[in-house]
């Protein structure tokens, strides 16, 4: 199985001194079940939903040949919240991405993460809820991690003591643990794709 | 500084249970000097020089905004050797890639790695020498790692006991150590780009 992780700096793992991010930690864990598992990290710093819409299909298609089981995991939206993109626009972009992607590969979406400034964090929380509703409507698996990351202080503490935006190893490990512990992720990973 | 690593499965780190590959290990080490260092892994399994020529520029340009110091590291050619691409064609592709890239970013190239089948390994060794000559002519920093990886048995042993092509953590760690120990890499990383 080959999984493309598409998104922003949080997908890239920016700020993690171990250069794994949450995606590397999830892959490392999943490999115990699937030794042949390959990951492609397609997170780009500062990418908004509109920029991801413009590039995701081409980059993912190059990496997922038809003859091998491929999957796509998306996580984006915090840059929309930071840059105050109209949430209606973010939803239009997300729907275009997910509606196209789910027709070709099994798709999973990980929700928005908390960010340090109060206003942007509140916009991030609201967009997370809106994306959850969109995915429910589209039948795309969505995992909200916002509240889970706010339950301990590690994510925001590391972001504040780092570059002000990105956590370090502890925050990314916490996010990976939330993904791996979720029933939605386990079900999605263990379900064979419909041909 | 943001570095794009462009290449094939060996750049992706396929087979490494730690999901770092040599690029992740190099980044982890370099971060001790540059805490803000971001890496983008653009290795795609089975990519030949021709496929990389077709995609590298667009993918790298998206990830290296003009206002931030960006660099590009290339490593490819083993799939040309495996698939018996005419070496003249591989050289044409490599020159087109490197000549274009060096005009825009500081460029470094890591040579071909050994592969298991004797015939393909010999073609890989020859293409490594040809790429070294090309890079000398173009003034692009080139680090040959073929002989260094043949000095111990770990690379080929891990490839044989893995999927037959890719090493595991030991091989990738050895390759990262060769890069980090080289004067060429140190000089390249420590030299400010010409504006």
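Protein chains in written order, with this note's numbering: chain A, 156 to 350; chain B, 156 to 350. Beta carbons are placed, not taken as given, at the ideal position from N, Cα and C, and that holds for glycine. On a predicted model such as this, the values are computed, not experimentally measured, just so you know.
- Under the Cβ distance rule, residue 297 of chain A does not count among the residues neighbouring chain B, no pair being separated by less than 7 Å.
- For the pair residue 192 of chain B and residue 214 of chain B, the CB atoms are not nearer than the 7 Å cut-off.
- Judged by beta-carbon spacing, residue 239 of chain A lies beyond the 7 Å limit of residue 289 of chain A, meaning their Cβ atoms are not closer than that value.
- Note on geometry: alpha-carbon atoms of residue 344 of chain B and residue 268 of chain B lie some 22 Å from one another.
- Spatial neighbours of residue 218 of chain A in its own chain (CB-CB distance under 6 Å, excluding positions within 5 residues in sequence) are listed in chain order as 159 and 195.
- By the Cβ test, the segment 266-286 of chain A is in contact with the segment 315-329 of chain A, since at least three Cβ pairs between them sit closer than 8 Å.
- Residue environment for residue 274 of chain B: exposed (fewer than 16 other C-beta atoms within 10 angstroms of its C-beta).
- Residues of chain B whose Cβ lies closer than 7 Å to the Cβ of residue 218 of chain A are, in chain order, 199.
- Counting only Cβ-Cβ distances below 7 Å, residue 174 of chain A has contacts in chain B at 175, 179, 182, 183 and 194, in chain order.
- Where residue 165 of chain A is concerned, the enclosing alpha helix (DSSP H) starts and stops at 164-167.
- The continuous beta strand (DSSP E) containing residue 229 of chain B extends over residues 225-230.
- If you look at residue 247 of chain B, you'll find it isn't in any beta strand (DSSP E); it sits in the alpha helix (DSSP H) that goes 242-257.
- A straight line joining the alpha-carbon of residue 333 of chain B with that of residue 169 of chain A spans about 25 Å.
- Per the coordinates, the alpha-carbon of residue 283 of chain A lies some 14 Å from the alpha-carbon of residue 295 of chain A.
- By alpha-carbon distance to residue 161 of chain A, the top candidate from A/252, A/347, A/293 and A/280 is A/252.
- Comparing alpha-carbon positions, the option among B/228, B/243 and B/222 lying closest to residue 256 of chain B turns out to be B/228.
- DSSP, reduced to helix, strand and coil, places residue 305 of chain B within a helical segment of the structure shown.
- By the beta-carbon neighbour count (other beta carbons within 10 angstroms, threshold 16), residue 200 of chain A is buried.
- Take residue 181 of chain A, set aside five residues on each side of it, and the residues of its chain with a beta-carbon closer than 7 Å to its own are 331, 334 and 335, in chain order.
- It is roughly 36 Å from the alpha-carbon of residue 241 of chain B to the alpha-carbon of residue 156 of chain B.
- For the 7 Å CB-CB criterion, residue 186 of chain A and residue 220 of chain B do not form a contact.
- The three-state secondary structure of residue 178 of chain A, taken from DSSP, is helix.
- Taking 7 Å as the threshold, the shortest C-beta distance from residue 315 of chain A to chain B does not fall below it.
- One alpha carbon belongs to residue 177 of chain B, the other to residue 324 of chain A, and they sit about 19 Å apart.
- In chain order, 333 place their CB closer than 7 Å to the CB of residue 303 of chain B, counting only its own chain and leaving out the 5 sequence neighbours on each side.
- Taking the Cβ atoms as the reference, residue 326 of chain A lies roughly 7 Å from residue 314 of chain A, within the contact range of under 8 Å.
- Look at residue 226 of chain A: its C-beta is not under 7 Å from any C-beta on chain B.
- DSSP, read as helix, strand or coil, puts residue 296 of chain A in strand.
- A Cβ-Cβ separation of about 6 Å places residue 230 of chain B in contact with residue 165 of chain B under the 8 Å criterion.
- Around the C-beta of residue 203 of chain A, 16 or more other C-beta atoms lie within 10 Å, and the residue is accordingly described as buried.
- Minimum Cα-Cα distance from residue 254 of chain B among the listed residues B/266, B/347, B/278 and B/292 corresponds to B/292.
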